[in-house]
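A.B. asks: Can you read through this structure? Questions will come right after.
2 protein chains.
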Amino acid sequence: MSKIPKPATIQDVARVSQVSTATVSRVLSNPDLVSKSTRGAVLDAIRETGYRVNQAARNLRMKRAGAVLILVPNLGKPFYSGILAGISEGFAGSDYAVLIADTESNPLQEETLAGYFRDGRIDGAISLDGGIPSTALQQCVTYGAGDRIVFLCEWVEGEAFPVISSDNAEGARLAIRHLHDLGHKKIAHVTGPDGNVLTAARREGVVEERTRLGLPARSEWIIRGDFSLESGHEAARRILAMDERPTAVFCAADMVAFGLISGLVAGGLKIPGDISVVGFDDIEMSGSYVPALTTIRQDRHQLGRRAAEVLLGQLANTGKALPMKSALPVELVTRASSAPPN
Amino acid sequence: MSKIPKPATIQDVARVSQVSTATVSRVLSNPDLVSKSTRGAVLDAIRETGYRVNQAARNLRMKRAGAVLILVPNLGKPFYSGILAGISEGFAGSDYAVLIADTESNPLQEETLAGYFRDGRIDGAISLDGGIPSTALQQCVTYGAGDRIVFLCEWVEGEAFPVISSDNAEGARLAIRHLHDLGHKKIAHVTGPDGNVLTAARREGVVEERTRLGLPARSEWIIRGDFSLESGHEAARRILAMDERPTAVFCAADMVAFGLISGLVAGGLKIPGDISVVGFDDIEMSGSYVPALTTIRQDRHQLGRRAAEVLLGQLANTGKALPMKSALPVELVTRASSAPPN
DNA sequence: GCCGATTATGTAATCGATTACACTATTTGG
DNA sequence: CCAAATAGTGTAATCGATTACATAATCGGC
Chain D
0 MSKIPKPATI
10 QDVARVSQVS
20 TATVSRVLSN
30 PDLVSKSTRG
40 AVLDAIRETG
50 YRVNQAARNL
60 RMKRAGAVLI
70 LVPNLGKPFY
80 SGILAGISEG
90 FAGSDYAVLI
100 ADTESNPLQE
110 ETLAGYFRDG
120 RIDGAISLDG
130 GIPSTALQQC
140 VTYGAGDRIV
150 FLCEWVEGEA
160 FPVISSDNAE
170 GARLAIRHLH
180 DLGHKKIAHV
190 TGPDGNVLTA
200 ARREGVVEER
210 TRLGLPARSE
220 WIIRGDFSLE
230 SGHEAARRIL
240 AMDERPTAVF
250 CAADMVAFGL
260 ISGLVAGGLK
270 IPGDISVVGF
280 DDIEMSGSYV
290 PALTTIRQDR
300 HQLGRRAAEV
310 LLGQLANTGK
320 ALPMKSALPV
330 ELVTRASSAP
340 PN
Chain G
0 MSKIPKPATI
10 QDVARVSQVS
20 TATVSRVLSN
30 PDLVSKSTRG
40 AVLDAIRETG
50 YRVNQAARNL
60 RMKRAGAVLI
70 LVPNLGKPFY
80 SGILAGISEG
90 FAGSDYAVLI
100 ADTESNPLQE
110 ETLAGYFRDG
120 RIDGAISLDG
130 GIPSTALQQC
140 VTYGAGDRIV
150 FLCEWVEGEA
160 FPVISSDNAE
170 GARLAIRHLH
180 DLGHKKIAHV
190 TGPDGNVLTA
200 ARREGVVEER
210 TRLGLPARSE
220 WIIRGDFSLE
230 SGHEAARRIL
240 AMDERPTAVF
250 CAADMVAFGL
260 ISGLVAGGLK
270 IPGDISVVGF
280 DDIEMSGSYV
290 PALTTIRQDR
300 HQLGRRAAEV
310 LLGQLANTGK
320 ALPMKSALPV
330 ELVTRASSAP
340 PN
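So the protein lines, in turn, are chains D and G. According to numbering that gives the first Met the number 0, the stretch in the first sequence is residues 0 to 341, in order. According to numbering that gives the first Met the number 0, the stretch in the second sequence is residues 0 to 341, in order.
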């Protein structure tokens, strides 16, 4: 039996450094209140004892949960990985634990989110899911959590929570402009699901830019999708059946582009020879897909970091909400799936 | 200003039901010790006050962390989503919070994992990463956490922790047998990265079954990959350059199969016409890929659940470790990417 | 009808931190 | 040189649960 060294408490540190626990606590959380010499002695004692603060005790006393919850629509979508990494990084320095919940596999019950706040299990939340019911959000507000919820990428229309997202409309415009610059005129767009805020923003960008550039618009060139591989494949079927095929397609997500490309290829078309394809997101696979996908890059890592920072700010400021919407820049990444029309 | 109802404590419940806090506590954690009538009164009071136990207080008193950590090699890989869902589900009933860490984006420092245990931030861990250094694991053992670590899918060779995984060798055998049954004789295998336990298990299954069936083996038909799309693509290049091409390829992961297929198609081959392809994992995309991928399905949800159950068992049993290795069955899913050779 | 076992409940210590308040020593201002 | 302000530290209450121990009541056996 090896003996397990039991962790040092603040009492131990106080004893070793010959001060009260109050002073030790102050050294940790408010060093300026303590004289330089005492502070040195305490820090030495901390090093000597290997003391680490017990979060459960601190949380209890401070009436915090010491945790934040991240709501992800579907962990399986590669798009979210970089974002989660960014979020983790953003919270790394803090003493908050990061909980992750998949809202698709574990559909959020109406009162679940508010329940987490009520039970003091979380101090704040970041939602990547724009599909949270308003009623659920209102319940959180009731529990005073209204200023500790941040939306990331997606958001709920009509609710006043801070939102960090990419400049979706600009991304769409960039994609259209790129295709236009290559010489394309007949440009189709595969959208996301109806009712999704990203779908709306990107579609608007498409329509706006297409109008601005004086490009022809046919209603069948706006194809409804749902961000999935399948929907891209379905879009390919539709396009193959069109009398007047577009020469380029901008997809609202990379996954859609993959489905589209394999569908078109299966239908005998060459990419980008016959049809150019542009995606959105720049997920990891996109660079190594065959053909490598031209796409709009979202800085997923940065998005995550920013959301973490905003939430940390809210948690620190005992002050009130700071509702705001910040859009991070996006970038066109030109690869092999787009080329001039022949 | 709406007033925020402050949460009821165990004291409130005690007052309302006219018993001591001790009794209330017992009703919650050890109902049999309390008489039926008192129990009823307490439960009524709990309902009336809307009492929820404060985890921070409970954890402090019980010297637990109330959390478990899941170590995931790369959250971005679609393979992990179902597993995480299963794990969450497994812990749903318990009062453990589930923390998730991505070991690739946030490489685990040597002492980090042990540090989590030492600081009482976690009670247990599930690792999907077989690349944890033995030294780090030994440190955990030092802190008495040796029987609260469970490996899932991957594991560390030579360490005595419980392992839950799929029957990898059997999966490989199934794949080879399937191709053999279709009439293939020249079967290649794209492996995972060297040094990975899954790579080894699957390769052994391939070699074993190929031998058993008396199939020819050429060393160039074992192609080293790394579970990535790129490595599949690279494998395609190699195969295209071979004098004696295999008529079927079994890939150690679906992602590899996707890369392989697109590479082969780009090289002018038809799948499965010229070459049949079988993957491993059955990730979400596989069914909707074009062509739909024949693959070995791992029950990811079940894997996650089992790991959660095993860890919960260890956490409940104050007893000692129960090192064991359990292999869940796998299943062949026949789709469009495999067919008889022509 | 008495004694020990069993059942049901209460009292109070405890987990390990934070912080209001009190106190002393030192500095500042007039 | 004294009152008031400031700086530095300690005492002890507190956060909200669990649980060892004490106590009271009930039961069964002989």
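Each residue gets a CB set at the ideal place from its N, CA and C atoms; glycine is no exception. The structure displayed is predicted, hence computed values, not measured ones.
1. With 8 Å as the threshold, decide whether the Cβ of N316/D is near any Cβ in chain G.
2. Tell me which same chain residues have a C-beta within less than 8 Å of the C-beta of L311/D, skipping the five on either side of it?
3. Give a yes or no on whether 8 Å exceeds the smallest Cβ distance from M0/D to chain G.
4. Can we say the region 257-271 of chain D touches the region 191-209 of chain D, given the rule of at least three CB pairs closer than 8 Å?
5. Checking contacts by CB at 8 Å: is L228/G closer than that to chain D?
6. Could you check what DSSP says for A187/D in three-state terms: helix, strand or coil?
7. Could you tell me which residues DSSP puts in a beta bridge with A124/D?
8. Which residues of the region 93-115 of chain D have a Cβ closer than 9 Å to any Cβ of chain G? Give them in chain order.
9. Measuring CB to CB, does S285/G end up less than 8 Å from D242/G?
10. Could you check whether the Cβ of Y50/D sits closer than 8 Å to any Cβ belonging to chain G?
11. Does the Cβ of Q313/G have 16 or more other Cβ atoms within 10 Å, making it buried, or fewer, making it exposed?
12. Quick one: measure Cβ to Cβ for E153/G and G123/G, integer angstroms, because I've assumed they're closer than 8 Å.
13. In whole angstroms, give me the CA-to-CA distance for V277/G and A174/G.
14. Could you name each continuous beta strand (DSSP E) segment of 3 residues or more that falls completely within the region 226-265 of chain D, going from the start of the chain to the end?
15. Going along the chain, which residues of its own chain have a beta-carbon closer than 8 Å to the beta-carbon of G303/G, five neighbours each way excluded?
16. For chain G, check one thing: does any of its Cβ atoms lie closer than 8 Å to the Cβ of Q54/D?
17. Among E283/G, V12/G, T102/G and G191/G, which has the Cα closest to the Cα of N167/G?
18. How many Å lie between P215/G and E330/D at the Cα?
19. Report back the beta-carbon spacing between P271/G and A335/G to the nearest angstrom; my notes put them in contact at under 8 Å.
20. Closer than 7 Å, Cβ to Cβ, to anything on chain G: give me those residues from the region 116-140 of chain D, in chain order.
21. Could you name the residues of the same chain whose beta carbon sits closer than 8 Å to that of A113/G, not counting the 5 residues immediately before and after it, in chain order?
22. Is it the case that the Cβ atoms of E170/D and F279/D are separated by a distance below 8 Å?
23. If you run the structure through DSSP and keep just helix, strand and coil, what is S165/D?
24. DSSP state of T210/G, grouped into three classes?
25. Restricting to Cα atoms, I'd like to know which of Y115/D, S19/D, E158/D and A265/D is closest to A64/D.
26. Where does S218/D fall in DSSP's three states?
27. Are the C-beta atoms of E158/G and some chain D residue less than 8 Å apart?
28. Restricting to runs no shorter than 4 residues, where is the alpha helix (DSSP H) found entirely within the region 10-66 of chain D?
29. Measure how close the beta-carbons of T22/D and T37/D come, nearest whole angstrom, since I'm counting them as under 8 Å.
30. Any beta-carbon of chain D closer than 8 Å to the one on P271/G?
31. Given this structure, state the Cα-to-Cα distance separating L59/D from R60/G, to the nearest angstrom.
32. State the Cα-Cα distance for the pair M0/D and S133/G, rounded to the nearest angstrom.
33. Where does A335/D sit, in a helix, a strand or coil, going by DSSP?
34. Just the C-alpha distance for A326/D and F249/D, rounded to the nearest angstrom, thanks.
35. Taking S165/D as the reference, which of A13/D, R209/D, L127/D and I131/D has the closest Cα?
36. Thinking C-alpha only, which one of V26/G, D43/G, P77/G and E219/G is nearest S227/G?
C.D. replies: To lay it out plainly:
1. Locating residue 316/D in the first sequence gives position 317, counting from the first residue. Chain G contact via Cβ: absent.
2. Along the first sequence, read from residue 1 onward, the residue named residue 311/D stands at position 312. Around L311/D: G89, F90, S93 and Y95.
3. Residue mapping note: residue 0/D aligns to position 1 of the first sequence, counting from 1. With a pLDDT of only 45 at M0/D, under 50, the local geometry of the prediction cannot be trusted, and no value is derived from it.
4. no
5. On the second sequence, residue 228/G is found 229 positions in, with the first residue counted as 1. Yes, contact with chain D.
6. Translated into positions along the first sequence, residue 187/D becomes position 188. Three-state result, A187/D: strand.
7. On the first sequence, residue 124/D is found 125 positions in, with the first residue counted as 1. Per DSSP, L68/D and I148/D.
8. A96, V97, L98, I99, A100, D101, E103, S104, N105 and G114
9. Looking up residue 285/G in the second sequence gives position 286. Looking up residue 242/G in the second sequence gives position 243. No, they are not a contact pair.
10. What you label residue 50/D is simply residue 51 of the first sequence in a count that begins at 1. Chain G, which has no Cβ nearer than 8 Å to the Cβ of Y50/D, makes this no.
11. Within the second sequence, residue 313/G is the residue found at index 314, counting from 1. Buried, by the Cβ-count rule.
12. Counting from one through the second sequence, the residue named residue 153/G turns up at place 154. Counting from one through the second sequence, the residue named residue 123/G turns up at place 124. Going by Cβ atoms, the distance from E153/G to G123/G rounds to 17 Å, so no, they are not a contact pair.
13. Locating residue 277/G in the second sequence gives position 278, counting from the first residue. Locating residue 174/G in the second sequence gives position 175, counting from the first residue. Those two C-alpha atoms are separated by around 7 Å.
14. 247-250
15. Looking up residue 303/G in the second sequence gives position 304. Taken in chain order, the residues that qualify are G81, I82, L83, A84, G85, I86, S87, E88, G89 and L151.
16. Residue 54/D sits at position 55 when you count from the first residue of the first sequence. It does: the Cβ of Q54/D has a partner Cβ on chain G nearer than 8 Å.
17. As a working mapping, residue 167/G is identified with position 168 in the second sequence. Nearest of E283/G, V12/G, T102/G and G191/G to N167/G, Cα basis: G191/G.
18. Within the second sequence, residue 215/G is the residue found at index 216, counting from 1. Within the first sequence, residue 330/D is the residue found at index 331, counting from 1. Going by the C-alpha atoms only, they are around 50 Å apart.
19. Position 272 of the second sequence, counted from the start, is the residue given in the question as residue 271/G. Position 336 of the second sequence, counted from the start, is the residue given in the question as residue 335/G. 7 Å between Cβ atoms; contact.
20. R117, D118, G119 and R120
21. Locating residue 113/G in the second sequence gives position 114, counting from the first residue. Around A113/G: A135, Q138, C139, T141, Y142 and A144.
22. Along the first sequence, one-based indexing puts residue 170/D at 171. Along the first sequence, one-based indexing puts residue 279/D at 280. Note that residue 170/D is Gly in the sequence shown, not Glu. In this structure, F279/D lies closer than 8 Å to G170/D by Cβ.
23. Counted from its first residue, the first sequence places residue 165/D at position 166. If DSSP states are grouped into helix, strand and coil, S165/D belongs with the strands.
24. Taking the second sequence and counting its residues from 1, the one referred to as residue 210/G is at position 211. DSSP places T210/G in helix when its eight states are reduced to three.
25. If you number the first sequence from 1, residue 64/D lands on position 65. Selected option, being the one with the closest Cα: Y115/D.
26. Residue 218/D sits at position 219 when you count from the first residue of the first sequence. Three-state DSSP puts S218/D in a helix.
27. Locating residue 158/G in the second sequence gives position 159, counting from the first residue. Chain D, which has no Cβ nearer than 8 Å to the Cβ of E158/G, makes this no.
28. 20-28, 35-48 and 54-61
29. Against the first sequence, residue 22/D aligns to sequence position 23. Against the first sequence, residue 37/D aligns to sequence position 38. So it is a contact: roughly 6 Å between Cβ atoms.
30. As a working note, residue 271/G is residue 272 in the second sequence. Not an interface residue.
31. Here residue 59/D is taken as the residue at index 60 of the first sequence, counted from 1. Here residue 60/G is taken as the residue at index 61 of the second sequence, counted from 1. Roughly 10 Å between the two C-alpha positions.
32. If you number the first sequence from 1, residue 0/D lands on position 1. If you number the second sequence from 1, residue 133/G lands on position 134. Because M0/D sits at a pLDDT of 45, beneath the cut-off of 50, its placement in the model cannot be relied upon, and the point is left open.
33. Walking along the first sequence from the start, residue 335/D turns up at place 336. Of the three classes helix, strand and coil, the one that applies to A335/D here is coil, per DSSP.
34. Taking the first sequence and counting its residues from 1, the one referred to as residue 326/D is at position 327. Taking the first sequence and counting its residues from 1, the one referred to as residue 249/D is at position 250. C-alpha separation (whole angstroms): 21 Å.
35. Within the first sequence, residue 165/D is the residue found at index 166, counting from 1. Closest by alpha carbon: L127/D.
36. Residue numbering aside, residue 227/G sits at position 228 when the second sequence is read from its first letter. Of V26/G, D43/G, P77/G and E219/G, the residue nearest in Cα terms is P77/G.
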